[in-house]
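*Asks:*
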């Protein structure tokens, strides 16, 4: 169910000349029994309304005085949503003989032409008030109070969202009300300006129109109605980046179409059908792209906010996060509640969200659901503290709770799964989700579509491919789904490809970036686990070391522990700035480190180390304690606490590197590195610093079945902190920086 709230105006919408037809009452009763919540939103005062309408209990909440008062029919309680009327103004208008003159709990009401007296009095008294008109009625309210704010208050009380609300009205004071709702409908007798702005124009007038709308909701949840103003901007057809489309209605709407009602057009063909064509079109392809006419280059491409299953795919570092961040920013800005399941802690610092979980604590499912009950909270579920093997089980428990919450409250609206293959890997054959609409809309991000569950791939209605080879990426998605890849014509300006699954061709687009700048992977880069090809490797000038820094915390610790020759070797080559620029994507930090690399001959080794560490610390919060999560070694026993007492220091396959400050001299370190455990690097290409001129150590024996005694050279779980350099045996020349 997309819409779980119907909000009605009273006069000349539900009621015609003060009378509500019985058929409208019966239609609303049927709608209520189906689970849809009913709201009445009127400009009348409460006592006046109750005197003419005997069925207030039909509604879950009643907003009166044009947004100024909220009445609960069940509890029979009344709450003022703004300050009472100005006594000075009331006295002035009475003294001037203004009639009729109604004074409510918040509102002052009269009729034209007395608006002249009202405006003059407000100006002369120096009051800050607003005047709202409605078919001859004149209403005076505090600034910012209208039917939209009243609707918001009623929805907040019930923990419901405007994004699941349909509003119907007829007059001037209904504009804000209809705009605030996800879908705005106008009865046949509505003012022309309201009809023009409405998403649905009903054939019936007043109560008959409300009956018509209730029937549409009961039959198909308004599946036949598309709302272009709600579509989320993705980018532009490549070629004229920045040239806007003609307008929302005439935009290309080439997004990945949701499955829907076989292209059935809306009542007046203003909008195309679900999954069907865009502008002025009667039919479409179920689940296909909403292509409409070919509007040419520079036209906006937008995605529907409901019922889609999007897959964002591309190699590491190709821009998946850029595309996801752009969509996420616009979804949150439009009022959609998003749930981001974040296995690697990449969204922990995203602004304006509630983050649950950290490297030391996995959020409970009950905790997640409790926070999500408030529709204004976008939630990041940080699973960096959960081992890789446990993530599918966690998600299998979470997903039914999310669908249940949405069935109850109509939100959350988007479920975003970063590293989706961690949550629904290929071996998972069943996903408790029949359609993306069961969670509102679904967005999955992955590097490896073939690693995703086949059941998850069945939910995909559209794919966004990023990176330099989008055609290959789309072919991989098609192969994983067991279908044929689309054709793709590359353009000079395009940076993403959009494919509506099932269409024979995909489009090359220019992504519209997010307005905010977010430091991607900040938590992961600081203390999580970076991929092998993103990690930094200290090899030394002779290539006899292979100390892997999986994150910045480990990098800083290893930097403080390696010998001068190793540190200076990489510093002089510019390896540190290259790694930061290419693997972390932090150009500003890379430039600052590069400036230090240019001073390699002028700075003492300990000084350059201190400065590089300081630059990193300025941008990335390094935790006091390392994270225990390490997906590459999740099955290994953790013996870090016993590493200093290990008796394997002379074992042919293990060298004691648990504490770098205890290495007695540089030559001893180099000798032992030849025999270190290479199991974690068996499939590791030499990325990061350029090691093409270094010996290849990947032919060492595979010791993945060996217990981890905390002394191999892979430091994803972080070595114990070295002592100050001044304390190191054999290093008397180095002082504490």
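Residue numbers (our numbering): 127 to 863. Note that CB positions come from ideal geometry on N, CA and C, so glycine has one too.
1) Checking contacts by CB at 9 Å: is residue 327 closer than that to chain D?
2) Which residues in the same chain have their Cβ closer than 7 Å to the Cβ of residue 697, if we skip the five residues on either side of it in sequence?
3) For the region 470–519, list the alpha helix (DSSP H) runs that are entirely contained and at least 4 residues long, ordered along the chain.
4) For the beta strand (DSSP E) containing residue 664, list its first residue and its last residue.
5) Measure the C-alpha to C-alpha separation of residue 737 and residue 510 and round it to an integer number of angstroms.
6) Kindly list the residues whose CB is nearer than 6 Å to the CB of residue 580, restricted to its own chain and excluding five residues on each side of it in sequence; keep chain order.
7) Between the region 561–572 and the region 594–603, are three or more C-beta pairs nearer than 8 Å?
8) Confirm, please, whether the CB-CB distance from residue 547 to residue 587 is below 9 Å.
9) Is DSSP giving residue 556 helix, strand or coil here?
10) Tell me, please, which residues DSSP counts as bridged to residue 197.
11) Can you check which of these residues, 156, 711, 133 and 152, is closest to residue 445 by C-alpha distance?
12) Look at the alpha carbon of residue 272 and the alpha carbon of residue 683, and state the distance between them as a whole number of angstroms.
13) Between which two residues does the alpha helix (DSSP H) holding residue 158 run?
14) Rounded to whole angstroms, how far is the Cβ of residue 439 from the Cβ of residue 589, which I believe are closer than 8 Å?
15) Should residue 246 go down as buried or exposed, given a rule of 16 or more other Cβ atoms within 10 Å for buried?
16) Roughly how many angstroms separate the alpha carbons of residue 179 and residue 333, rounded to a whole number?
17) For residue 606 and residue 583, which I take to be in contact (beta-carbon distance under 8 Å), what is that distance rounded to the nearest angstrom?
18) Compare the Cα-Cα distances from residue 743 to each of 693, 677, 701 and 690 and report the closest residue.
19) Taking contact to mean 3 or more Cβ pairs, one atom from each stretch, closer than 8 Å, check whether the region 132–149 and the region 177–197 are in contact.
20) What's the C-alpha gap between residue 213 and residue 264?
21) Please report the Cβ distance between residue 577 and residue 552, rounded to the nearest whole angstrom; I am assuming they are in contact, meaning their Cβ atoms lie under 8 Å.
22) To which residues of the same chain is residue 615 closer than 7 Å at the C-beta, ignoring the five residues directly before and after it?
23) If you pair each beta-carbon of the region 295–313 with each one of the region 148–158, do three or more pairs fall below 8 Å?
24) Can you tell me whether residue 251 is buried or exposed, with buried defined as 16 or more other CB within 10 angstroms of its CB?
25) Does the Cβ-Cβ distance between residue 479 and residue 521 come in under 9 Å?
26) Looking at the structure shown, is residue 458 part of a helix, part of a strand, or coil, going by DSSP?
27) Measure the CB-CB distance between residue 131 and residue 286 and report whether it falls below 9 Å.
28) DSSP three-state call for residue 259: helix, strand or coil?
29) Would a C-beta distance cut-off of 9 Å place residue 713 and residue 704 closer than the cut-off?
30) What whole-angstrom Cβ distance do residue 544 and residue 470 have, given they're in contact under 8 Å?
31) Taking only the alpha-carbon atoms, compute the straight-line gap between residue 284 and residue 608 and give it to the nearest angstrom.
32) I'd like to know whether the C-beta atoms of residue 231 and residue 194 end up nearer to each other than 9 Å.
33) Just verifying my parser: in three-state terms, what is the DSSP assignment at residue 287?
34) What residues in its chain sit with their C-beta under 7 Å from that of residue 630, if we drop five residues either side in the sequence?
35) Which same chain residues end up closer than 7 Å to residue 241 when comparing Cβ atoms and leaving out the 5 residues on each side of it in sequence?
36) DSSP three-state label for residue 687, please.
*Replies:* According to the structure data:
1) Protein chain content of the structure displayed is limited to a single chain, and chain D is not contained in it.
2) 723, 726 and 734
3) 491–498
4) Residues 662–664.
5) Looking at the two C-alpha atoms, the distance is approximately 29 Å.
6) none
7) no
8) Result no, Cβ atoms of residue 587 and residue 547 do not sit closer than 9 Å.
9) coil
10) Partner(s): 188 and 204.
11) With distances taken between CA atoms, residue 445 lies nearest to 711 out of 156, 711, 133 and 152.
12) 59 Å
13) Where residue 158 is concerned, the enclosing alpha helix (DSSP H) stretches over 148–159.
14) 6 Å
15) exposed
16) Distance between the alpha carbons of residue 179 and residue 333: 13 Å.
17) 6 Å
18) 677
19) Contact between the region 132–149 and the region 177–197 is present, because at least three Cβ pairs lie under 8 Å.
20) 18 Å
21) 5 Å
22) 634
23) no
24) exposed
25) Their beta carbons are not under 9 Å apart, which means residue 479 does not touch residue 521 by this criterion.
26) helix
27) Yes; because the gap between Cβ atoms is below 9 Å, this pair is in contact.
28) strand
29) no
30) 7 Å
31) 44 Å
32) Yes, Cβ-Cβ distance for residue 231 and residue 194 is below 9 Å.
33) In the structure shown, residue 287 adopts coil according to DSSP, grouped into three states.
34) 612 and 613
35) Apart from the 5 residues on each side of it in sequence, residue 241 sits with its Cβ closer than 7 Å to the Cβ of 257 and 264 in its chain, given in chain order.
36) Three-state result, residue 687: helix.
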